[in-house]
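If you read the sequences in order, they're chains A and B. Going by full-length UniProt numbering, the letters in the first sequence line up with residues 1 to 143, in that order. Going by full-length UniProt numbering, the letters in the second sequence line up with residues 1 to 512, in that order. What follows is a short report on a single structure.
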Amino acid sequence: MSDRIFGLFGLALAIFFAWAAFQIEESFLSDEVGPKAFPLIIATILGLSSLFIALKPDASPEWPSLGRLAEILAAVVAMILYAEFLPIVGFVIATAAAAAYLTWRLGSAPLQSLIIGVCTSVGIYVIFHLVLGLSLARGPLGF
Amino acid sequence: MELLANLGDGFAVALTLQNLGLALLGCFLGTIMGALPGLGPSNGVAILIPLAFTMGLGPTPSLILLTSVYYGAMYGGRISSILLGIPGDEPAMMTVLDGHPMAKKGMAGEALSLSGIASFVGAFFATWGLILLAPQLVKIALLFGPAEYFALFALAFATLGGVSSTNQAKSAFAAMLGLGLATIGVDTQTGVPRFTFGEVHLYDGLDFLVAIVGLFALSEVFIFLEHRHGDADADSKKLTVGRLTPPMSMIKACTPTMLRTSVLGFIAGVLPGAGASLGSFISYSMEKKLVDKKGTFGTGDPRGVAAPEAGNNAAAGGALVPMLALGVPGSGTTAVLLAVLLSLNITPGPLLFTQNPDVVWGLIAALFIANIMLLLLNIPMVGLFTRVLMVPPRILMPIVAMVSFVGIYGISGSTFDLLVMIGFGVMGWVLRKLDVPLVPIILGTLLGNTMENNLRRAITIDNGDWFTLVDSPLSITLWAIAIIGFIMPLIVGRALRSRMHRKGEDEGSISD
C-alpha cells in the first residue's frame, strides 16, 4: 500500500516537474537543445518508474507507531527552530538546547540531558571554533 | 618506470608534516566512524567534508584526509562486527558471520588482528591495482566525446541500482530525482532560471553538500529516533579482547584466502554500482565454496573472517578507479569523494591525470601511507577503539546532528541551507523506509549538470541531430552495457540480493 501511494506521489511529482519545465522561459539565444529538453526526459523516466512502483508495489515497510512519528516530527521542529534561532542566540546556547533535546528524546534522563547538551555544545565550540578556527554563529553574548 | 617516478613524486607530496598529520587524523576518525554502528563510510566522509573546506585545506590535503577516513571506516567496521555481532557499517556485514562466533570462543583478539591484517592485504593490493588500472582506463576515456560521456553517465545510473537495490524502478526513480534536483537553478548555457519559483536562494542551484549531509547523516538520526530504545546500545557486558596477535599458523592458513579475495574484491569494486558490500559478500561466498570442506564457515573459521575483510578493503580501493579515471563513482562513498573534488573545482576524469598529477599521485601515495598507519593503529591500539563502542547512540547521535549543522553552517552561513538540509534529512528517512536507494540521488545531483552539458554539446555539435548519441561504436557499446546492466539484475539479481539481505537484515540502504 505504501508503495502505491509513493508511486502516485512520484507520478504527481513527475507531472509537476514536466509542467514546470514547460514554464521555463526560453532565451532567444538558445542552443539546439534548449533548457527544457533534459528536464522533460527526466520527468518522463521519473513518471514511468513511479508508474511501475505503483503497479508493482513491494511489501509495505513497518511504519512507526503514531507516537514515534510524532517524535520524529518534534525532532524536525526542534531542528527547524535550531536553524532559525542559531543566528539570533548564538552557537553555544542554541546547540546546547538542541543537543539536550535530542539526547533527552533518545533516552537520557532529564538532568543528564542538560549536562550532555552543554558538554556537546562546548566541546564542538572548542574543537571547531577555538582549535580549527571555523566561524560559528555569534550570539549577543559573543559566543 | 614512468609509473615509479610518478609514485615518487606522489610520496614527495604526501610526506609533508601536514599531510601525514591529516592522514593520521583521517585514519583515526575513520576507524571510529566505521566501528560505531550507524555511522558508515559515506556519512562519515559526508560530515567531514565541510570541515575540510572551512579549514581551508587545498585539494590534495582535503582528499588525503577524506580518503583516509574512507579507508579507515573500512577497517573500523569489523570491530563492532566481531565484538558485538552488529556490523559497524554495511560492508562489514559478512564479517559478523565468523567474526562474532570467534569472539564468543574467546578469540576476539585473534579475530581482530587477523581481520586487520586481511584488511591491510586487501587495501594494499587494491592500491596497486588502482595504480596499474587507472592509467589504462584513462587512455580509453580520452577517446570519449560528449556523446560517449553522456552514454557513460547513463551507464553509471543504470548499473548503480543493479546489485544493491531491491527494485530497479526505485533506483531509476532515485536517479531521476537526483538529476531533477540538479537542474534547479540558472541554466548554465542560456542563463534562464529553472525550477526556482522566484526563490533567490535557489538561483545558484542546490548545494550538493547540503543534500549529502542531510540525506546520509540526518536521516540516520531520524532512524535512531524512530527506534529510540537503542537496541544498538552497547551492552554493558564486558568485552574481553584477549591476545592481540594471531598465531603464525593461522595467518599462513589464511594467506591464500586473502590473496584470492583481494583480487575478487578489487574487481567487484571497479564495477560500477557494486561497491564494498558486494565485494565482501562475493568474497565470503566464494571462499565458502572453495575451502570450506568441513563446514566450519559460520562457526568461527578464521578464513571466514579474513575473506570478507580482504574483500571489502580491496573493493574500497577498486571503487576509486572509475571515480578518478572516468569521473563516475561506483559507490556511495566514492560519490561523496567526487563531491569533494567538484567543490574544489577539480574535474575528475582523464584530464585529472595530466592536469593535476600531484593530486592523483599524492592521493595514491597517501593511500599507501594511510594503509600502513591503519595497520599500526588497528592492531596494537584496537582496545582504544573498542572503548569508543561504549558510547551509547543517545549521546552519539545528537553529536552527529550538531556536527552536520556546524559543517553546513560553516560553509554557507545561511539558515536557508540548514532548512534545506533538514528537508533532505526527512526525505532521506522516508525514502529509506520505502527502500529507495539514496546513492543514485547523490550521484544524480552531482553529475546532473555535467550530464546535461554533455548531452547538449553533443547535439549542438551535430546541428541538432539526436541520433548522434548512438552513432559511434564506442557509444553503442556503452548504451548496450547500460541496458544489459539495468535488465540483468531483474533476472539474476533477485536470488543474489535476497541472500544478501537475509544475511544482513538491516534497515535502509546506504551502501558503503
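Glycine included, every Cβ here is placed at the ideal spot set by N, Cα and C. Small disclaimer: the values here were computed from a predicted structure and weren't measured.
Scanning its chain for C-beta atoms nearer than 7 Å, with the 5 sequence neighbours on each side dropped, one finds around L130 (chain B) the residues G317, L320, V321, I364, in chain order. Against chain B, the CB of R4 (chain A) has no partner CB under 8 Å away; the residue lies outside that interface. From the beta-carbon of G10 (chain A), the residues of chain B found nearer than 8 Å are F173.
One finds A169, K170, F173 in chain B with Cβ atoms closer than 7 Å to the Cβ of I53 (chain A), taken in chain order. Sequence-distant Cβ neighbours of A118 (chain B) in its own chain, meaning closer than 6 Å and more than five residues away, are M258, A306, E309, A310. Between G8 (chain B) and the set B:V69, B:I442, B:W361, B:A370, the nearest pair of CA atoms involves B:W361. L102 (chain A) has a beta carbon lying within less than 8 Å of a beta carbon in chain B.
With three or more CB-CB distances shorter than 8 Å, the region 181-194 of chain B counts as touching the region 14-29 of chain A. In terms of Cβ geometry, A100 (chain A) and M79 (chain A) do not form a close pair [threshold 8 Å]. At a beta-carbon threshold of 8 Å, none of the residues of chain B lie near R138 (chain A); the nearest stands roughly 11 Å away. G423 (chain B) and G214 (chain B) have their C-alpha atoms roughly 7 Å apart. Taking C-beta atoms as the reference points, A370 (chain B) and I49 (chain B) fail to come closer than 8 Å.
What N463 (chain B) touches in chain A, judged by beta-carbon distance under 8 Å, is E32, going in chain order. A Cβ-Cβ separation of about 13 Å leaves L447 (chain B) out of contact with A151 (chain B) under the 8 Å criterion. At a cut-off of 3 residues, not a single continuous stretch assigned as beta strand (DSSP E) sits fully inside the region 44-108 of chain B. Here G407 (chain B) is not near L218 (chain B), since their CB atoms are 8 Å or more apart.
Per DSSP, W63 (chain A) lies in no alpha helix (DSSP H) and is assigned neither H nor E. Taking the Cα positions, T67 (chain B) is about 8 Å away from A366 (chain B). Against chain A, the beta carbon of M397 (chain B) has neighbours under 9 Å at L102, T103, L106, listed in chain order. According to DSSP, P193 (chain B) shares a beta bridge with B:V186. Under the Cβ criterion of 8 Å, Y409 (chain B) is counted among the residues facing chain A. Between the region 286-302 of chain B and the region 105-118 of chain B, the count of C-beta pairs closer than 8 Å reaches three or more; the two stretches touch. Closest in alpha carbon position to S280 (chain B), among B:A268, B:V400, B:V291, is B:A268. Taking a beta-carbon distance threshold of 8 Å, F128 (chain A) counts as an interface residue toward chain B. In the pairwise beta carbon analysis, the region 321-335 of chain B is classified as not touching the region 284-298 of chain B: fewer than three pairs are separated by under 8 Å.
Collapsing the DSSP output to three states places R138 (chain A) in coil. Excluding residues up to 5 positions away in sequence, N449, N453 lie with their Cβ nearer than 8 Å to the Cβ of T188 (chain B) in the same chain.
Residues of chain B with a Cβ closer than 8 Å to the Cβ of A75 (chain A) are, in chain order, V221, F222, L225. A residue is called buried once 16 or more other Cβ atoms fall within 10 Å of its Cβ, and K139 (chain B), having fewer, is exposed. Under the three-state reduction of DSSP, P302 (chain B) is assigned to helix. Sequence-ordered contacts of the region 183-203 of chain B with chain A read T183, D187, Q189, T190, G191, V192, P193, R194, F195, F197 [C-beta pairs closer than 9 Å]. When secondary structure is reduced to three states using DSSP, P110 (chain A) falls in the helix class.
The CB of P35 (chain A) comes closer than 8 Å to the CB of D187, Q189, T190, V192, R194 in chain B, given here in chain order. By the neighbour-count criterion, in which a residue is buried when 16 or more other Cβ atoms sit within 10 angstroms of its Cβ, N345 (chain B) is exposed. The distance from the Cβ of A401 (chain B) to that of V221 (chain B) is about 5 Å, consistent with a contact at the 8 Å cut-off.
Y203 (chain B) sits in coil when the DSSP states are folded into three classes, being neither helix nor strand.
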